[in-house]
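Have a look at the structure below before the remarks.
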Amino acid sequence: MTASPSGRPTSITITLRVNGAERKLTIPPWTTLLDALRERLNLTGTKKGCDHGQCGACTVLIEGRRVNSCLTLAVMKDGAKITTIEGLATREALHPLQQAFIDHDAFQCGYCTPGQICSAAGLIAEGKAKTAEEIRELMSGNVCRCGAYPNIVAAIQQAMGAMGGEP
Amino acid sequence: MINFEYTKATSVADAVRQVAADPNAKFIAGGTNLIDLMKYNVSHPARLIDITQLPLKTVEETADGGVRIGALVPNSDLAYHPLIEKRYPIVSSAILAGASQQLRNMASTGGNLVQRTRCFYFYDATTPCNKREPGSGCSAREGINRINAILGTSESCIATHPSDMCVALAALEAKVRVVGPDGERIIAFADFHRLPGNTPQIDTNLKHDEIIVAIELPPKGFAANHSYLKIRDRLSYAFALVSVAAALEFDGGRIKEARLALGGVAHKPWRDPQAEAALRGQAPGRDTFAKAADVLLKDAKGFGHKDFKIDLARRAVVRTLTQAANGTPQIQSQKKIR
Chain A
98 MTASPSGRPT SITITLRVNG AERKLTIPPW TTLLDALRER LNLTGTKKGC DHGQCGACTV
158 LIEGRRVNSC LTLAVMKDGA KITTIEGLAT REALHPLQQA FIDHDAFQCG YCTPGQICSA
218 AGLIAEGKAK TAEEIRELMS GNVCRCGAYP NIVAAIQQAM GAMGGEP
Chain B
10 MINFEYTKAT SVADAVRQVA ADPNAKFIAG GTNLIDLMKY NVSHPARLID ITQLPLKTVE
70 ETADGGVRIG ALVPNSDLAY HPLIEKRYPI VSSAILAGAS QQLRNMASTG GNLVQRTRCF
130 YFYDATTPCN KREPGSGCSA REGINRINAI LGTSESCIAT HPSDMCVALA ALEAKVRVVG
190 PDGERIIAFA DFHRLPGNTP QIDTNLKHDE IIVAIELPPK GFAANHSYLK IRDRLSYAFA
250 LVSVAAALEF DGGRIKEARL ALGGVAHKPW RDPQAEAALR GQAPGRDTFA KAADVLLKDA
310 KGFGHKDFKI DLARRAVVRT LTQAANGTPQ IQSQKKIR
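Line order of the protein sequences matches chains A and B. To convert, take the position in the first sequence, counting from 1, and add 97; that gives our numbering. To convert, take the position in the second sequence, counting from 1, and add 9; that gives our numbering.
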């Protein structure tokens, strides 16, 4: 299982800084960041939807930038700062985006929600979306099978206001 | 996913050395296309060489007045770079028309050029495909082929190159700087991608032992009169059925210089010098633009499922040239076609 095509063992030890904690793990190079988070670090908030970069359910922030963790090799992110849905709230309060998603009923089944919220956090940090139209376009990498889109846009607009553009 | 060995390249020379020593090795940067292809068992490199530590991450002005883009600059950083937004807005626009922000954050400039077709049959390892398995046949010719090519096709392949950015780079006549065991060479953008012919498994003229280090933009960016219009099955986050990059330069009310490139219709961004010649010296207007579109599409073939693409392309060319001439380029977040 951890032998390469040449027969040599290939597991590699890396450190990820996940939600503020240093996590050391030894993994084969073909482990995606998504699988490392879910299967090795038991952080199952990040969801596996299509596993091909088409749905956005696996969105996490690497060094504050939103990416698809299903198309990221964990070994290529040695030392990186990763933020998942589990890392957004503080002990005292929900993240403004989490609160806004509740306030606006911005989900039904909730499966896409962690990806939507992490993506929205990345979007707010980027500062490129001001109008609803721009939010829709720049959130197009997150698909919601329940079709909660209007409420998702409203939630992001609320959080943007609450956060004053700060991530 | 398939198993593979993983190594890091410490310099461009080291990257070239490593890839030259292993015919089954591939470079990995953003990985957005390669990892996907590996999950579908379409690509199976025995070794991935991680090039993300190489110093190819800057966008800078060159002595000749152009701009040099490092091969590892992420697509999103390039689209929002002040130099690109101001001087080459058609490049920004084309990038923002493609993929999602997550993917653009990951994908590299060099990787964008060497991404592979999204032909359904290329991705489906259970069907014949000459690009995936040379000699096995083409399932797309008689299959579901609305996303496939109408120009420059061959008996063996009707795949398209899926990039939006490359359509703009073709229109601007960018250059691709590559390094191999014998040193550097520059490939004109028109010579980088190939037509399928009877070797559709070979997408580009980049050799196995070469690495893209930069894309160079010439001084002329057509910032005043340009547009990138992408027509697709849904309004965001989909590959093009047809896309058009149009760039014009005027002199006294007449077109002095014209660039016109199509995406989603061929194995490479599609240009025709005769179509651009048909625009030069003319006053802008619907008839002039329609004539250029006719020249550009004169050899188009629809294969049934995509007959509509010929007419769609013709209308999109006229519309995009009109946007460029009026100085009202398509804005990618605005879904109404201007």
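Quick reminder that beta carbons are idealized off the backbone N, C-alpha and C, glycines included. In this text, all values refer to a predicted model and were calculated from it rather than measured experimentally.
Taking residue i as the query, report the chain A residues whose CB atoms sit under 8 Å from its CB, ordered along the chain.
i, result
"T41/B", "G150, N165 and L168"
"M10/B", "W127 and T129"
"K48/B", "D148 and H149"
"D366/B", "In this structure chain B extends from 10 to 347, so residue 366/B is not present and cannot be described."
Taking C-beta to C-beta, are residue i and residue j nearer than 9 Å?
i, j, result
"A80/B", "N234/B", "no"
"R114/A", "I179/A", "yes"
"L271/B", "W279/B", "yes"
"S52/B", "R125/B", "yes"
"T61/B", "I37/B", "yes"
"L170/A", "T107/A", "no"
"F231/B", "R194/B", "no"
"V157/A", "T187/A", "no"
"I220/B", "V68/B", "no"
"A284/B", "A302/B", "yes"
"V327/B", "L306/B", "no"
"P209/B", "A183/B", "no"
"E70/B", "L92/B", "yes"
"L204/B", "V187/B", "no"
"Y246/B", "S109/B", "yes"
"A139/B", "S165/B", "First, the amino acid is wrong: residue 139/B is Asn here, not Ala. Contact flag set, yes."
"P211/A", "F13/B", "no"
"Y130/B", "Y49/B", "no"
"V240/A", "Q151/A", "yes"
"Y237/B", "A322/B", "no"
"R56/B", "A22/B", "no"
"D173/B", "A256/B", "no"
"L140/A", "G40/B", "no"
Would you call residue i buried or exposed, if buried means 16 or more other Cβ atoms sit within 10 Å of its Cβ?
i, result
"P247/A", "exposed"
"R243/B", "exposed"
"P338/B", "buried"
"H63/B", "Reading off the sequence, residue 63/B comes out as Leu, not His. Buried, since its Cβ has 16 or more Cβ neighbours within 10 Å."
"I289/A", "Not covered by the structure: residue 289/A. The range shown for chain A is 98 to 264."
"H170/B", "buried"
"R113/B", "buried"
"N84/B", "buried"
"P190/B", "exposed"
"M98/A", "In this predicted model, M98/A has a pLDDT of only 46, less than 50, meaning its place in the structure is not dependable enough to derive any value."
"R295/B", "exposed"
"N207/B", "exposed"
"T110/A", "exposed"
"F298/B", "buried"
What does residue i touch in chain B if you count any residue whose Cβ is under 7 Å from its own?
i, result
"V172/A", "Y15"
"R162/A", "N114"
"E234/A", "S245, Q341 and S342"
"G117/A", "Under the 7 Å cutoff, chain B gives no residues; its nearest Cβ is about 21 Å from G117/A."
"S237/A", "S109, S245 and Y246"
Report whether the distance from the Cβ of residue i to the nearest heavy atom of the ligand PLP is below 8 Å.
i, result
"A18/B", "This structure simply doesn't include the ligand PLP, nor any ligand for that matter."
I believe residue i touches residue j by the beta-carbon criterion, under 8 Å. Please report the beta-carbon distance rounded to the nearest angstrom.
i, j, result
"C243/A", "C215/A", "Actually they are not in contact, since the Cβ atoms of C243/A and C215/A sit about 18 Å apart, beyond 8 Å."
"R162/A", "G219/A", "6 Å"
"I240/B", "S252/B", "7 Å"
"L180/B", "A254/B", "Contrary to the premise, residue 180/B reads as Ala rather than Leu in this sequence. At roughly 4 Å, the Cβ-Cβ gap stays under 8 Å, so A180/B and A254/B are in contact."
"H217/B", "V28/B", "7 Å"
Is DSSP giving residue i helix, strand or coil here?
i, result
"Y15/B", "strand"
"M98/A", "The predicted model places M98/A with a pLDDT of 46, which falls under 50 and marks its position as unreliable, so this point remains unresolved."
"V82/B", "coil"
"K239/B", "strand"
"E193/B", "strand"
"N121/B", "helix"
"N165/A", "strand"
"L43/B", "helix"
"V253/B", "strand"
"I37/B", "strand"
"G258/A", "helix"
"G336/B", "coil"
"F259/B", "strand"
"C147/B", "strand"
"V240/A", "coil"
"D59/B", "strand"
Under 7 Å between beta-carbons, which chain A residues line up against residue i? List them in chain order, please.
i, result
"D59/B", "M173"
Run through chain B and tell me which residues come within less than 8 Å of residue i, C-beta to C-beta.
i, result
"G153/A", "S109 and Q111"
"K225/A", "Y89"
By the criterion of Cβ-Cβ separation under 9 Å, what are the contact partners of residue i in chain A?
i, result
"D173/B", "Neighbours of D173/B on chain A: none; closest Cβ ~14 Å, over 9 Å."
Chain B partners of residue i, CB-CB under 9 Å?
i, result
"I109/A", "Y15"
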